[in-house]
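Heads up: the structure comes next, in structure tokens.
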């Protein structure tokens, strides 16, 4: 079959989505004030930063990486900093550009989040701190906000 015939055959089948692999790409934990931090009254404040990125691999394969970075302070002191880069390889075929963008920007990170949350939680408890129990994240809303921000930036630069 030629490339054109392969493309036509894939389009005839309709859109396809398949999770190929989920893995931890990077994991780090730092508790700069231990062991002294364990002897203080525990009144934590949590700052969560999350980010996604994607890159095409060969063929219709794509890597999506969800990064969760947490900084927990006890009063003014940093109790710990933890970060996980949870990644996945996805096979995605037959989507138009807008659907592909949404799938990579919202749907795939939504699949990765429970794995990232569990890895982060495990890391924190191994550091002898209370579990984080991060709330679910609405990646569709975050994706829509990012699209709106990009459109506003695009329209403001054109003026």
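Residue numbers (the working numbering): 4 to 162.
Backbone N, C-alpha and C define an ideal beta-carbon position, used for all residues, glycine too.
Please read these numbers as outputs of a predicted model, since none were measured by experiment.
Other residues of its chain near residue i: CB distance less than 6 Å, five sequence neighbours each side excluded
i           : result
residue 115 : 69, 89 and 91
residue 134 : 124 and 128
residue 47  : 75 and 77
Segment limits, beta strand (DSSP E) that includes residue i
i           : result
residue 132 : Element bounds for residue 132: n/a, residue is neither H nor E.
residue 23  : 19 to 33
residue 94  : 80 to 96
residue 47  : 47 to 59
residue 66  : 64 to 77
N-terminal and C-terminal residue of the alpha helix (DSSP H) that residue i is part of
i           : result
residue 104 : 100 to 105
Residues near residue i by beta carbon distance below 7 Å, same chain, minus five either side
i           : result
residue 119 : 69, 71, 87 and 89
residue 105 : 146
residue 130 : 32, 34 and 83
residue 26  : 90
residue 122 : 27, 30, 87 and 89
residue 113 : 142
residue 166 : The structure shown does not extend to residue 166, since the chain spans only 4 to 162, so no value can be given for it.
Spatial neighbours of residue i in its chain, beta-carbon cut-off 8 Å, leaving aside the 5 residues before and after
i           : result
residue 81  : 35, 36, 74 and 75
residue 149 : 108
residue 176 : The requested residue 176 does not occur in the structure, where the chain is confined to residues 4 to 162.
residue 154 : none
Supposed contact pair residue j and residue i - C-beta distance, whole angstroms, cut 8 Å
i           : j          : result
residue 109 : residue 83 : With a Cβ gap of about 29 Å, residue 109 and residue 83 do not count as contacting.
residue 94  : residue 21 : 4 Å
Residue i classed as buried or exposed, judged by whether at least 16 other C-beta atoms fall within 10 angstroms
i           : result
residue 55  : buried
residue 107 : buried
residue 127 : buried
residue 132 : buried
residue 85  : buried
residue 16  : exposed
residue 57  : buried
residue 161 : Low local confidence applies: a pLDDT of 44 at residue 161 is under 50, so the model's placement there is unreliable, with the coordinate-based value given in what follows. With fewer than 16 Cβ atoms within 10 Å of its Cβ, residue 161 is classed as exposed.
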